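Asker: Got a structure for you, written out below as structure tokens; questions coming shortly.
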Amino acid sequence: MESSEQRHNLRTILFVIVLCLISSIILSLLATALRDPQQKERELDRSKQMLIAAALLSYDGSFLIQEKPAQWNPEKQILIPSATKIKATQDAILTLHKIRIRSRLVDEEGNIYTFEELNIDEEKYVEEHEKSGYAQLKYKLLFEIMPNLSPEQITAETFPEGYIFPVNGFGLWDAIFGYLAVSNDADTVIGGTWYDQAETAGLGTEIASPKWQEQFPGKLIFAESADGKTDFEKSPLGLTVIKGNVSEVLGTSPKAKNSLDGISGASMTGKGVSEAYLESLTPYRAFLIKARQRFEERSAQ
Amino acid sequence: MKQPLKFFFIDPLWKDNQILIAILGICSALAVTIKIEVALTMALSVSFVTAFSSFFVSLIRKFTPDNVRMIAQLVIISSFVIVVDQFLKAYFYEMSKTLSVFVGLIITNCLVMGRAESMAKNVQPIPAFLDGLSAGMGYGYVIIAVGSIREFFGFGTLFGYRIIPEAWYATADHPDRYVNFGLMPMAPAAFFIIGIFIWITNIINERRSPT
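Chains as they are written, first to last, in our numbering: chain A, 1 to 301; chain B, 1001 to 1211.
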């Protein structure tokens, strides 16, 4: 190699190194500077997704009480009905989330604990297990939906309106994360969302669209048997994405209540979603059975 | 190439419009023109990336070894795309969720690389910046126009505001009333609309200076 060629190559290598170095430094500084706002946005989005699943927030950003528009009352710190749709503010969303969504831990036998009782730091617990999922842990994360009461009126004994389960699994390309809100009868679905997915745009990403999620309210997570009874101990647990439309394929059969419309062109994503529900909910069976018992006792009163 | 500074800015807006004349940057037009708000965000992002990457490509053009020229352009373009992506995730989270992968795909947008290769590496930084900026803006107004048509006929809204009154829509009781044009939210609609725009552009140019 001639000396001038060597020099040229050296210059090229030096150029590339310097360019990449400058670029990386600038981007790292930017990422670090923006980390906090990004984290806040992600948390806000997470809270929003939970509230949407629990039917407390509509997809277009206004609060709901029983599917009707509502607004935040800051003095009493509850939701009051409103005549028109009012866009919820960030602060209201975060405050409502703090008041009405209670995080708890559930064990294999279905007993509920607070994070303090078990001496577990919630932030660390979430950070550690968020990506891998909570269902297989000894103490599984669960959220209770509190009724529309002021913070002073909500006590440890307040009966929840429902429960939110963190669900996770694997879609076609990458992990998927979502929430499934179930009513306090431990069977009826209130709503479901998928807040983190990297599926094919226009196909698999439908699972995150309001249109597809509209079918969730009213579904059941426990499979009903032909005689209309539900065996909570043994029946399969979860929601299944089928091929085609539930109303066309299953009509009025009991299976329809456990099934979700398929998305054409996204069958792998659908399979991933079905499996995610199965794997994420089954470990909570003991808890759901106990919750059902509490519900039946309460209704009998 | 010595020409007054202003032509660097004016030419890519119509005479050398990247979508209508050079037929570049069409791919992203499919997914980001569903609604005006999305198209606008994309237009601003592409303008930002093209303007600044052209500026820096031009700035280092005398030091860039020829055999790593394109890679160097890619590094610069990618860096600015990441800047946009990080910025959106921090301050416009909902929009970044809607645009998802398409912000990252600006790196592959032929328009950006095209300006770097054909203009930025040959001219000085300020003209390069103006050229990049207006190439992005030329791209921008075309995709916003496509977005307006798709949003209006596909959803009945413009920029999120309802234009076609709810009362006009068909319901179970009145099935013969207005229905949104179901083809519009789908990708092929963007193709057809852009095709028609290019056709109209050719007609206009043909009339102005018959070949």
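All residues carry an ideal CB built from backbone N, CA and C; glycine is no exception.
Bear in mind that the values here come from a model prediction, so they are computed numbers and not experimental data.
Can you find the residues in the same chain that come closer than 6 Å, C-beta to C-beta, to A:E157, ignoring five residues on each side of it along the sequence?
Answerer: Here the set comprises nothing.
Asker: Just how far apart, CA to CA, sit A:S23 and B:V1075?
Answerer: Taking the straight line joining both Cα atoms gives about 8 Å.
Asker: Fully enclosed by the stretch 1102–1127 of chain B, which alpha helix (DSSP H) runs are 4 residues long or longer?
Answerer: You should have 1110–1115.
Asker: Using a cut-off of 8 Å between C-beta atoms, extract the partners of A:F15 located in chain B.
Answerer: Correct list: F1063, T1064, P1065, V1068, A1072.
Asker: Interface residues of chain B around A:A55 at Cβ under 9 Å?
Answerer: Going along chain B, no residue has its Cβ under 9 Å from A:A55, so there is no contact; the nearest lies around 20 Å.
Asker: Given this structure, state the Cα-to-Cα distance separating B:F1056 from B:P1125, to the nearest angstrom.
Answerer: So the alpha carbons of these two residues sit roughly 7 Å apart.
Asker: Taking Cβ positions, are A:F216 and A:Y195 nearer each other than 8 Å?
Answerer: Contact flag unset, no.
Asker: Compare the beta carbon distance of A:E161 and A:I145 with 8 Å and say whether it is the shorter of the two.
Answerer: Yes.
Asker: Starting from the Cα of A:I65, find the closest Cα among A:Q39, A:I86, A:R46 and give me that residue.
Answerer: Comparing Cα-Cα distances from A:I65 to each of A:Q39, A:I86, A:R46, the minimum goes to A:I86.
Asker: Just checking: is the beta-carbon of A:T89 within a distance shorter than 8 Å of some beta-carbon in chain B?
Answerer: No, A:T89 lies away from the interface with chain B (no Cβ there is under 8 Å from its Cβ).
Asker: When you compare only the Cα positions, how much space is there between A:A226 and B:F1191?
Answerer: Taking the straight line from one Cα to the other gives about 50 Å.
Asker: Taking A:D196 as part of the beta strand (DSSP E), name the residues at either end of that continuous run.
Answerer: A:D196 -> beta strand (DSSP E) spans 189–196.
Asker: What three-state label does DSSP hand A:F216 in the structure shown?
Answerer: The answer is coil: DSSP assigns A:F216 none of H, G, I, E or B.
Asker: Kindly say whether B:I1082, judged by its beta-carbon, lies nearer than 8 Å to any beta-carbon of chain A.
Answerer: For B:I1082, the answer is yes, since a Cβ of chain A falls inside 8 Å of its Cβ.
Asker: Relative to the C-alpha of A:T269, which candidate in A:I221, A:L288, A:F222, A:A208 has its C-alpha closest?
Answerer: Checking every option, the nearest Cα to that of A:T269 belongs to A:A208.
Asker: Could you name the residues of chain B that A:L94 contacts, counting a contact when the two beta carbons are closer than 7 Å?
Answerer: Near A:L94 there are no residues of chain B at all, since even the closest Cβ is about 14 Å away, more than 7 Å.
Asker: Would you mind telling me which residues of chain B sit closer than 9 Å to A:E109, beta carbon to beta carbon, in chain order?
Answerer: In chain order: nothing, as chain B lies at least about 39 Å away.
Asker: From B:S1045 to A:P37, what does the alpha carbon distance come to, in whole angstroms?
Answerer: Roughly 19 Å between the two C-alpha positions.
Asker: Listing by chain order, which chain A residues have their CB less than 7 Å from the CB of B:K1035?
Answerer: By Cβ distance, chain A contributes nothing, its closest Cβ being about 14 Å from B:K1035, past 7 Å.
Asker: Quick one: list the residues of chain A neighbouring B:A1022, beta-carbon separation under 9 Å, in chain order.
Answerer: Ordered by position in chain A, no residue passes the 9 Å Cβ test against B:A1022, which lies about 25 Å from the chain.
Asker: Among B:F1092, B:I1034, B:T1041, B:I1077, which has the Cα closest to the Cα of A:E41?
Answerer: A:E41 has its Cα closest to that of B:F1092, out of B:F1092, B:I1034, B:T1041, B:I1077.
Asker: Beta strand (DSSP E) containing A:L64: first to last residue?
Answerer: 63–65 is the span of the beta strand (DSSP E), which, as asked, contains A:L64.
Asker: In chain order, what residues of the same chain lie with their CB nearer than 7 Å to the CB of B:P1012, ignoring the 5 residues before and after it?
Answerer: Answer for B:P1012: Q1018, D1131, S1134, A1135, G1138, listed in chain order.
Asker: Just the Cα atoms here: how many angstroms apart are B:I1021 and B:K1015?
Answerer: If you take the alpha carbons of B:I1021 and B:K1015, they lie about 7 Å apart.
Asker: So if I threshold CB-CB distances at 9 Å, which residues from the stretch 1049–1060 of chain B count as touching chain A?
Answerer: Those residues of the stretch 1049–1060 of chain B that come within reach of chain A (Cβ to Cβ, closer than 9 Å) are I1060.
Asker: Establish whether the CB of A:L19 and some CB of chain B are separated by less than 8 Å.
Answerer: Yes, contact with chain B.
Asker: Looking at C-alpha atoms only, which residue of A:E5, A:E248, A:L105, A:V126 is the closest neighbour of A:E116?
Answerer: The shortest Cα separation from A:E116 among A:E5, A:E248, A:L105, A:V126 belongs to A:L105.
Asker: Could you pull out every unbroken alpha helix (DSSP H) segment of at least 4 residues lying fully inside the stretch 37–105 of chain A, listed in chain order?
Answerer: Within the stretch 37–105 of chain A, the complete alpha helix (DSSP H) runs of at least 4 residues are 90–100.
Asker: So is B:K1089 in contact with chain A if we call contact Cβ pairs under 8 Å?
Answerer: Taking Cβ atoms only, chain A reaches closer than 8 Å to B:K1089, which makes this a yes.
Asker: Between the alpha carbons of A:I303 and A:V189, how many angstroms are there, rounded?
Answerer: No statement about residue 303 of chain A is possible, as the shown extent of chain A runs from 1 to 301 and does not include it.
Asker: Could you pull the start and end residues of the beta strand (DSSP E) that A:K140 belongs to?
Answerer: Unbroken beta strand (DSSP E) run through A:K140: 140–145.
Asker: Just tell me which of A:E130, A:E122, A:A54, A:K255 has its CA closest to the CA of A:N184.
Answerer: When only C-alpha atoms are compared, the closest one is A:A54.
Asker: In the DSSP assignment, the alpha helix (DSSP H) including B:G1195 goes from what residue to what residue?
Answerer: Unbroken alpha helix (DSSP H) run through B:G1195: 1187–1208.
Asker: Note down, in chain order, every chain B residue with its Cβ under 7 Å from the Cβ of A:A266.
Answerer: Near A:A266 there are no residues of chain B at all, since even the closest Cβ is about 15 Å away, more than 7 Å.
Asker: Are the C-beta of B:Y1161 and some C-beta of chain A separated by less than 8 Å?
Answerer: No, because no Cβ of chain A sits closer than 8 Å to the Cβ of B:Y1161.
Asker: Cβ atoms of B:S1053 and B:I1077: under 8 Å apart, would you say?
Answerer: For B:I1077 and B:S1053, yes; Cβs fall inside 8 Å.
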